[in-house]
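J.: So the sequence lines, in the order shown, correspond to chains P and H.
Just so we're aligned: the first sequence equals residues 1 to 736 in full-length UniProt numbering.
Just so we're aligned: the second sequence equals residues 1 to 736 in full-length UniProt numbering.
Every residue gets a Cβ at the ideal spot worked out from N, C-alpha and C, and that includes glycine.
Let me begin by handing over the structure; questions about it come next.
There are 2 protein chains.
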Amino acid sequence: MRDFERPTRDSAMMHNTNTPALQSWVAKIESRLKINPHDAEAWLALARDAGNRPVDQMRTFWERSVTHFPTHPYFWQLYIGREIQAGHHEEVEKLFSRCLHKIPSVGLNLQHVRYVTQTNPPHFSVQNREKIREAYDQAVARVGFDVEAGPLYHDYITFLESCEAVGPYAEQQRSAKMREVWQKAVAVPLAGIEHMWKDYCQFEATHFPAVHEKVTKDRSYEYINAKKQGKALVPLLQSLRRDKLPSRPRTQEEERHQIGNWRKWIDFERANPLMIDDANKLMRRIAYAYENCLMCCPYRIDIWLETAAHYRDAADKAKARSDQVAERDIIDAAAYCMERGIVLYPDRALFYLIIADLEEYRKSSPDRVKRIFDRCLGKVTENPTLAYIHYMLWCRRAETIKEARAVFARARAEPNVTQEIYVAAALMEYFTAAVQTCSTCSSKDKRAAEVALRIFELACKKFVPNAAFYLTYVNFLVMQNDQINAKILVEKALAAESLTVQEKLIIAGKSLEFDTLYGDYESIQKTERSRAELMAQLQLQPSTSPVGSRIISRWNYLGLTPINEADLKNIDYVESRDPVSLTPRTSFDLFKDSLVSKTADTKKPLALPDLNAMIPFKPRRNNRGFLAVPGGDYAFPEAIEQLKRLVPPPESFAGPFPDVDQVIRLLLEENAKSTVDLQKAAEGIDAGIRTIAQIVEMADEAETERMRLEIDPERRNERDIYRLRQAKKLKVEGAE
Amino acid sequence: MRDFERPTRDSAMMHNTNTPALQSWVAKIESRLKINPHDAEAWLALARDAGNRPVDQMRTFWERSVTHFPTHPYFWQLYIGREIQAGHHEEVEKLFSRCLHKIPSVGLNLQHVRYVTQTNPPHFSVQNREKIREAYDQAVARVGFDVEAGPLYHDYITFLESCEAVGPYAEQQRSAKMREVWQKAVAVPLAGIEHMWKDYCQFEATHFPAVHEKVTKDRSYEYINAKKQGKALVPLLQSLRRDKLPSRPRTQEEERHQIGNWRKWIDFERANPLMIDDANKLMRRIAYAYENCLMCCPYRIDIWLETAAHYRDAADKAKARSDQVAERDIIDAAAYCMERGIVLYPDRALFYLIIADLEEYRKSSPDRVKRIFDRCLGKVTENPTLAYIHYMLWCRRAETIKEARAVFARARAEPNVTQEIYVAAALMEYFTAAVQTCSTCSSKDKRAAEVALRIFELACKKFVPNAAFYLTYVNFLVMQNDQINAKILVEKALAAESLTVQEKLIIAGKSLEFDTLYGDYESIQKTERSRAELMAQLQLQPSTSPVGSRIISRWNYLGLTPINEADLKNIDYVESRDPVSLTPRTSFDLFKDSLVSKTADTKKPLALPDLNAMIPFKPRRNNRGFLAVPGGDYAFPEAIEQLKRLVPPPESFAGPFPDVDQVIRLLLEENAKSTVDLQKAAEGIDAGIRTIAQIVEMADEAETERMRLEIDPERRNERDIYRLRQAKKLKVEGAE
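Structure (structure tokens):
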């Protein structure tokens with residue numbers, strides 16, 4: 001933390017960025033950021049420094065920070081706050097337009113309405129008031145679902161109340177608007193919704209005394225449900241720590257846990273506990289959870305994809321309801337979401353591909369889709385092959401094979417394109433020709449196959465083919481009945497230096513499969529010899545016989561084996577034609593296998609540890625809150641966890657110190673004895689024990705008192721200090 | 001062990017098997033054998049009992065025992081011994097003919113030559129002597145390689161010596177024969193070869209005094225090498241415990257270890273340390289090791305296969321040398337080896353298939369191969385599909401497609417045949433037609449494809465297709481450009497109840513692959529919807545997003561992915577089109593992954609345990625001989641292991657008890673001080689230490705003496721008690 005102390009607090013220096021000490025301090029922090037660009041502490045330190053300087057000088061930093069944290073409101077709010085302070089209205093407006101729609105933050109929206117209120121004083125003109133009202137409405141539409149949106153509703157209502165209404169009509173209108181906002185608010189599971197509801201009831205009683213009982217009763221169902229759901233939602237959201245700056249994922253348990261919490265919220269919304277009938281509203285509530293998750297975890301690509309999938313599903317549903325407006329909006333939202341993903345991941349093809357897919361979904365003009373693919377190809381420069389492949393295949397679908405060929409030609413000119421597109425192009429040519437021709441005339445088939453073969457050959461000349469290429473090409477040749485070339489290709493693959501032994505074994509296995517089906521004995525022999533050489537090179541565990549495994553696999557066909565499963569296990573068989581089996585196994589796997597076979601053996605019922613409960617050793621820096629027992633640190637059981645939270649810290653207890661054994665004995669006997677008995681029993685024994693008996697009696701009294709309180713609602717608030725103060729405050733306000 | 005005590009030892013009852021007590025005892029042991037037919041103790045107990053009864057009554061038991069342990073000599077020897085005792089010569093001859101060729105046991109061969117000697121007294125006739133000589137020659141040919149073959153050679157020479165030779169010519173012939181046997185013996189790494197060599201030298205000196213020095217010198221190179229190799233071989237073979245009865249494999253570490261020891265012997269022979277030039281002889285030495293392994297571990301199928309592969313390789317080599325006789329013999333040996341495998345595993349197709357393959361290798365008449373397949377089909381009744389498949393494919397290779405079709409027709413009539421043969425038959429029809437026609441006219445191709453399709457359809461009607469069937473069929477249809485039926489088939493597969501979610505996902509993945517290559521947008525959408533449903537059903541770890549994984553896999557092509565590897569790891573990506581990735585991962589795998597990503601993270605260099613050295617907890621009943629340290633029991637280092645064997649047991653030491661620290665100090669300083677210094681040093685200290693000094697001195701003297709002995713060959717035998725006695729004996733014999 002020492003790094004973040006500014007070297008001097010001299011106010012004269014504040015506006016001077018050229019001080020050497022300050023410069024070196026900034027440089028130090030910048031170097032930290034260079035090592036880890038996600039160092040939140042460093043960013044916050046720089047922001048604290050920037051907050052003390054004129055915003056005009058620090059715009060580079062502020063822009064950098066909001067570019068680095070585009071999804072999170074923290075730096076946006078600071079930046080905008082500085083601009084507001086400096087009175088740069090134009091910049092403020094621009095900044096708000098850049099972030100307000102993207103970030104589902106109550107704070108940011110509050111900042112906006114306050115800014116609008118400030119720049120358009122409501123008492124000056126009706127237009128100003130209209131502007132403010134609009135800002136509030138938009139804010140409610142954006143973040144009104146938030147459990148923390150209470151202040152927003154509160155401010156809105158206060159604003160509406162403060163607007164002067166001339167004449168009964170205007171007043172009625174104002175009341176209607178207020179009621180609308182009130183009713184919106186009390187249907188949302190907000191934190192502190194109870195006060196909101198109480199205030200609302202009071203509002204109804206004041207403004208609509210005639211119908212207030214009926215109206216509040218009607219609303220109370222929604223309110224009660226919202227309150228109930230709020231009870232579940234508030235702790236959930238508190239655990240999410242939305243104020244924390246996002247950081248890169250590091251595949252750690254902690255992060256997995258956090259994402260699990262986010263998913264809990266999303267699942268909560270998906271279950272529709274508020275029983276929302278309006279599909280669009282429900283969709284937006286779920287989307288709000290997703291968008292919040294993206295705000296805090298923008299580096300989780302799966303959340304981006306799930307959000308897009310959520311919009312996509314919703315669009316499907318809207319389509320099914322023939323709600324075209326909603327469908328369009330939702331697809332727009334999905335595309336916009338992916339655009340925001342591109343901001344963070346400009347060099348990944350994924351997001352562009354999904355946008356193109358969305359455009360294809362809504363049958364946009366080909367030019368539009370092409371522009372997306374071109375944008376993608378402009379950014380994804382390291383290996384644009386996949387983008388080209390999908391561009392080509394899209395062209396085939398949406399336009400004609402000619403356009404697809406043009407894309408392939410373009411791809412071939414690129415230096416970074418790899419062999420996979422040749423495979424795709426060859427198969428595309430083959431299949432497309434086949435689909436277009438009818439099945440009776442096969443001359444076109446032949447020509448298509450020839451085109452495909454030429455493309456394969458081209459790739460062979462241009463690249464060092466990889467295993468997937470060889471496998472696809474061999475398979476293609478075999479299915480084209482070109483067995484001779486297939487054999488030649490297999491031999492080339494087996495001689496290739498670029499392939500691993502495992503890959504070669506899989507290719508040789510394919511070759512063996514075809515050999516047994518149509519080859520002669522000599523070719524089977526030849527393949528077997530190659531396989532024997534490859535198996536000898538394979539690093540197998542010592543108990544596996546490469547020769548035995550190879551000979552057995554020679555006779556396997558599909559799922560059949562010439563011996564049985566137990567035999568295979570006994571010889572630690574490795575299937576040399578199967579990629580799964582060829583992945584090297586750890587000693588742990590082996591050990592588990594040996595256990596399985598041991599427990600299957602009826603002879604020796606040996607005492608074995610339960611491996612399922614086995615936790616690998618994991619060093620933990622801080623294992624407080626964990627129960628350290630030999631074998632690892634475990635979380636306390638739920639019940640003890642609860643108790644730990646209830647019990648006061650040990651420092652707060654100064655005596656008396658009872659005899660623990662006796663306490664436990666008494667507790668165990670508690671049911672049998674009444675307090676009278678206890679007192680009687682205490683009579684005879686020493687002072688310490690007597691105290692315990694008294695404590696027990698006191699506790700009993702307290703329990704009875706608590707129960708009495710619960711039964712009597714009138715007296716329930718007697719001890720609620722918060723409510724007492726609230727009531728006092730209301731009284732004071734009422735008096736004013 | 002109490003079970004094995006016979007209830008009564010009353011000799012009157014010996015020959016009465018109907019005693020109730022004895023009957024119940026036998027019944028008890030038989031019930032043990034019913035639970036575990038490999039219970040060696042029970043077999044031995046029964047054999048002890050049977051050994052006390054007349055062999056005529058116990059033949060059922062003896063036959064049962066040699067049927068159960070056909071590869072091991074133990075029961076054969078007992079059985080034959082009983083028959084010899086009873087004087088049943090016919091039975092003895094039959095028994096010898098049944099086992100002598102199969103079992104590489106010195107004991108059994110000795111038993112045979114002794115029996116021949118006994119039944120053909122050598123002093124009666126030349127024919128008898130000739131018979132005995134022949135028996136000895138055969139025995140030497142069979143087990144002369146064995147390290148324990150010493151007694152056999154010894155007996156042979158004694159026998160030859162005992163034969164009376166009339167006239168100098170006969171005597172010369174006898175000497176030549178003896179010399180031949182001697183020379184054979186001293187070239188083999190036998191246990192106790194040194195005595196053999198000495199006796200041989202003496203023999204040469206006695207019988208060929210003129211040339212003996214030259215001859216023994218010529219032979220000494222071979223002898224020295226054999227002696228050296230014997231030093232390595234004898235402990236190896238002792239560790240193999242060839243006298244132990246074989247038991248079923250149980251995939252235990254102990255057994256793995258034992259097989260490892262066997263492989264050590266085999267590898268030892270393969271390395272040709274005796275520098276044998278004769279390829280056949282070397283082949284037989286290696287084969288001898290394999291056959292020994294099969295004798296003791298007959299339930300290791302991999303050893304059977306390796307033995308067959310060894311013969312097969314040798315046959316290839318013999319072929320390369322144009323040694324046709326050897327080639328034929330070796331292939332015979334291979335086939336014979338597999339026949340012996342069939343005895344143990346009559347219901348596994350593997351051994352029959354290998355025999356058929358051997359016949360195909362040596363181009364036997366088709367009838368011969370057919371007989372093998374028919375034998376196989378007669379035995380492998382549970383699921384003869386694989387046997388039929390290979391029968392059919394062999395027919396296609398060796399005969400014509402018509403015979404292959406006949407086999408397929410025969411298979412279809414069988415009730416136990418499964419769908420795999422339909423796949424093989426369909427592909428065979430397709431490929432064979434294609435190979436036979438030239439590539440220009442494709443009408444035959446079409447017809448072949450139609451035949452194949454009919455076979456596929458037939459299977460679909462008759463069976464509930466499994467995943468492999470669906471995949472092959474879909475692939476076939478797609479490559480036949482029958483996209484419509486391919487789609488229908490995919491849908492059928494996805495609706496099938498018999499497939500698991502994982503299997504369906506792989507089929508849907510294949511479908512997606514073809515859809516992106518040639519389908520329209522709608523069919524891609526449909527496949528994606530199916531895949532989404534399947535992914536939702538999949539039991540994934542909580543941190544994996546099924547939606548995210550599915551969407552990414554939608555865009556993958558061959559090895560390309562639209563995001564990068566690190567991104568995939570961060571979201572715990574599961575490739576839904578790949579069988580490897582769909583296998584559920586254990587928490588241990590996850591933990592390892594998280595460690596890898598953690599260590600890749602430069603930020604926190606946390607102290608991590610070395611997982612490679614992590615040994616999972618394993619309860620061990622008896623961990624004597626292991627070093628128990630926290631974390632597990634480890635084997636002692638090799639050096640300490642050696643020392644442990646040398647040191648006498650602690651009970652044998654009664655004092656004096658030296659100060660260990662001083663001893664060590666003295667030992668460390670040993671180089672620096674002469675014995676005189678030590679004695680001087682000892683002068684001053686107490687009696688205990690003085691003793692040590694004396695011990696050190698004595699040890700030094702002993703060492704000097706030993707070295708002197710080694711340098712002086714004359715004195716080397718001074719302390720060799722065995723040789724001293726031997727010499728004494730020879731003297732006594734000489735005196736007689």
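Just the Cα atoms here: how many angstroms apart are Asp601(H) and Arg248(P)?
T.: The sequence position of residue 601(H) within the second sequence is 601, counting from 1. The sequence position of residue 248(P) within the first sequence is 248, counting from 1. Note that Asp601(H) has pLDDT 40, beneath the 50 cutoff, so the model's placement of it is unreliable and the number below is only indicative. The alpha-carbon atoms of Asp601(H) and Arg248(P) are separated by roughly 11 Å.
J.: Ignoring anything shorter than 4 residues or poking outside the stretch 503-543 of chain H, list the alpha helix (DSSP H) runs there in chain order.
T.: Complete alpha helix (DSSP H) runs here, min 4: 521-537.
J.: State yes or no: is the C-beta of Arg129(H) within less than 8 Å of the C-beta of Pro122(H)?
T.: Here residue 129(H) corresponds to residue number 129 of the second sequence, with the count starting at 1. Here residue 122(H) corresponds to residue number 122 of the second sequence, with the count starting at 1. Against a cut-off of 8 Å, the Cβ pair of Pro122(H) and Arg129(H) comes out as a contact.
J.: Spatial neighbours of Ala191(P) within its chain, please: CB distance less than 8 Å, with the 5 preceding and 5 following residues excluded, ordered by chain position.
T.: Here the question's residue 191(P) lines up with position 191 in the first sequence. Closer than 8 Å at Cβ, skipping near neighbours: Val147, Glu148, Gly150, Gly230, Val234.
J.: Is Arg174(H) close to chain P, meaning its C-beta is less than 8 Å from at least one C-beta of that chain?
T.: Translated into positions along the second sequence, residue 174(H) becomes position 174. With 8 Å as the cut-off, Arg174(H) does not count as an interface residue toward chain P.
J.: Look at Ala47(P) and Phe75(P) and say whether their C-beta atoms are less than 8 Å apart.
T.: As a working mapping, residue 47(P) is identified with position 47 in the first sequence. As a working mapping, residue 75(P) is identified with position 75 in the first sequence. For Ala47(P) and Phe75(P), yes; Cβs fall inside 8 Å.
J.: Which bits of chain H does Tyr288(P) rub up against, with CB to CB less than 8 Å?
T.: Position 288 of the first sequence, counting from 1, holds the residue named residue 288(P). In chain order: nothing, as chain H lies at least about 18 Å away.
J.: Once the 5 residues before and after His15(P) are set aside, which same chain residues still bring their CB inside 6 Å of it?
T.: Counting from 1 along the first sequence, the entry for residue 15(P) is found at position 15. For His15(P), the predicted structure reports a pLDDT of 47, less than 50, and the residue's modelled location is therefore unreliable. A value from the coordinates is still provided. Within the same chain, His15(P) has no close Cβ partners at all.
J.: Under three-state DSSP, which class holds Tyr169(H)?
T.: Position 169 of the second sequence holds residue 169(H). It is helical.
J.: Could you tell me how far apart the beta carbons of Ala50(P) and Met58(P) are, in whole angstroms, since I believe they sit closer than 8 Å?
T.: Your numbering for residue 50(P) matches position 50 in the first sequence. Your numbering for residue 58(P) matches position 58 in the first sequence. Going by Cβ atoms, the distance from Ala50(P) to Met58(P) rounds to 4 Å, so yes, they are a contact pair.
J.: Could you round the C-beta distance between Thr432(H) and Arg396(H) to whole angstroms and report it? I think they count as a contact, below 8 Å.
T.: The count along the second sequence starts at 1 and reaches residue 432(H) at position 432. The count along the second sequence starts at 1 and reaches residue 396(H) at position 396. Thr432(H) to Arg396(H), Cβ: 6 Å. Contact.
J.: Within 10 Å of its beta-carbon, does Thr440(H) have 16 or more other beta-carbons around it, so buried, or fewer, so exposed?
T.: Looking up residue 440(H) in the second sequence gives position 440. At Thr440(H), the pLDDT of 45 sits below 50, so the modelled position is not reliable and the matter cannot be decided from this model.
J.: Cβ of Phe514(P) within 8 Å of Cβ of Val478(P)?
T.: In the first sequence, the residue the question calls residue 514(P) occupies position 514. In the first sequence, the residue the question calls residue 478(P) occupies position 478. Cβ atoms of Phe514(P) and Val478(P): closer than 8 Å.
J.: Are the C-beta atoms of Pro246(P) and some chain H residue less than 8 Å apart?
T.: Here the question's residue 246(P) lines up with position 246 in the first sequence. Closer than 8 Å: no.
J.: Using a 10 Å radius around the Cβ and a threshold of 16 neighbouring Cβ atoms, would you call Cys438(H) buried or exposed?
T.: To locate residue 438(H), count along the second sequence from 1; it is residue 438. Caution is warranted here: a pLDDT of 43 is assigned to Cys438(H), below 50, making its placement in the model unreliable, and the coordinate value is therefore given only provisionally. Per the 10 Å Cβ criterion, exposed.
J.: Is the beta carbon of Ala467(P) closer than 8 Å to that of Ile506(P)?
T.: Your numbering for residue 506(P) matches position 506 in the first sequence. Your numbering for residue 467(P) matches position 467 in the first sequence. Contact: yes.
J.: Listing by chain order, which chain P residues have their CB less than 8 Å from the CB of Glu360(H)?
T.: In the second sequence, counting from the first residue as 1, residue 360(H) sits at position 360. Those within 8 Å of Glu360(H) in chain P are Tyr521.
J.: If we count Cβ pairs, one from each stretch, closer than 8 Å, do we get three or more for the stretch 382-389 of chain H versus the stretch 406-422 of chain H?
T.: The stretch 382-389 of chain H, when compared against the stretch 406-422 of chain H, does touch it at the 8 Å Cβ threshold.
J.: I'd like to know whether the C-beta of Leu33(P) is nearer than 8 Å to at least one C-beta of chain H.
T.: The residue given as residue 33(P) occupies position 33 in the first sequence. Judged by the 8 Å Cβ criterion, Leu33(P) is not in contact with chain H.
J.: Can you check whether the C-beta of Pro542(H) is within less than 8 Å of a C-beta belonging to chain P?
T.: Along the second sequence, read from residue 1 onward, the residue named residue 542(H) stands at position 542. Judged by the 8 Å Cβ criterion, Pro542(H) is in contact with chain P.
J.: From this set, Leu517(P), Asp572(P), Glu255(P), Glu533(P), which residue's C-alpha is nearest Pro542(P)'s C-alpha?
T.: Here the question's residue 542(P) lines up with position 542 in the first sequence. Closest option to Pro542(P), Cα to Cα, is Asp572(P).
J.: I want to see whether chain C comes within less than 8 Å of Trp555(H), judged by CB atoms only; does it?
T.: In the displayed structure, chain C is absent; the protein chains listed are P and H.
J.: Rounded to the nearest angstrom, what separates Tyr336(H) and Ser175(H) at their Cα positions?
T.: Locating residue 336(H) in the second sequence gives position 336, counting from the first residue. Locating residue 175(H) in the second sequence gives position 175, counting from the first residue. Computed Cα separation, rounded: 37 Å.
J.: What residue does the alpha helix (DSSP H) around Asp567(H) start on, and which one ends it?
T.: Here the question's residue 567(H) lines up with position 567 in the second sequence. Its alpha helix (DSSP H) spans residues 565-570.
J.: Where does Leu560(H) fall in DSSP's three states?
T.: Residue 560(H) sits at position 560 when you count from the first residue of the second sequence. Correct three-state label for Leu560(H): strand.
J.: Counting only the same chain and skipping the five closest in sequence on each side, list residues whose C-beta sits under 7 Å from that of Ala356(P).
T.: Looking up residue 356(P) in the first sequence gives position 356. Only Val369, Ile372, Phe373, Trp394 meet the Cβ criterion.
J.: Give the DSSP-derived three-state secondary structure of Gly144(H) in the structure shown.
T.: As a working note, residue 144(H) is residue 144 in the second sequence. Gly144(H) falls in the coil class under three-state DSSP.
J.: Specify, as a first and last residue, the run of the alpha helix (DSSP H) that Arg554(P) falls within.
T.: By one-based count along the first sequence, residue 554(P) stands at place 554. Run containing Arg554(P): 546-555, per the alpha helix (DSSP H) assignment.
J.: Run through the stretch 411-492 of chain H for me and flag every whole alpha helix (DSSP H) of 4 or more residues, listed as ranges in chain order.
T.: Listed in chain order, they are 420-436, 443-462, 467-479.
J.: Residues of chain P with CB under 8 Å from Glu575(H), in chain order?
T.: Position 575 of the second sequence, counting from 1, holds the residue named residue 575(H). What Glu575(H) touches in chain P: nothing, since even the nearest Cβ is about 12 Å away.
J.: Determine the burial state of Glu503(H): buried for a count of at least 16 other Cβ atoms within 10 Å of its Cβ, exposed for fewer.
T.: Taking the second sequence and counting its residues from 1, the one referred to as residue 503(H) is at position 503. With 16 or more Cβ atoms within 10 Å of its Cβ, Glu503(H) is classed as buried.
J.: Below 8 Å, how does it come out for the stretch 418-426 of chain P and the stretch 456-464 of chain P: are there three or more Cβ pairs, yes or no?
T.: Flag = yes, the stretch 418-426 of chain P and the stretch 456-464 of chain P touch.
J.: Which residues, taken in chain order from the stretch 511-538 of chain H, show a beta carbon closer than 7 Å to some beta carbon of chain P?
T.: Those residues of the stretch 511-538 of chain H that come within reach of chain P (Cβ to Cβ, closer than 7 Å) are Thr516, Leu517, Tyr518, Asp520, Tyr521.
J.: Looking at Ser576(H): is its Cβ nearer than 8 Å to the Cβ of Ser549(H)?
T.: Taking the first residue of the second sequence as 1, we reach residue 576(H) at position 576. Taking the first residue of the second sequence as 1, we reach residue 549(H) at position 549. It is a contact, given that the beta carbons lie within the stated cut-off.
J.: Under 7 Å Cβ-Cβ, which residues of chain P neighbour Met338(H)?
T.: For the purposes of this step, residue 338(H) is taken as residue 338 along the second sequence, with counting starting at 1. The premise fails here: Met338(H) is roughly 11 Å from chain P at the closest Cβ pair, so nothing lies under 7 Å.
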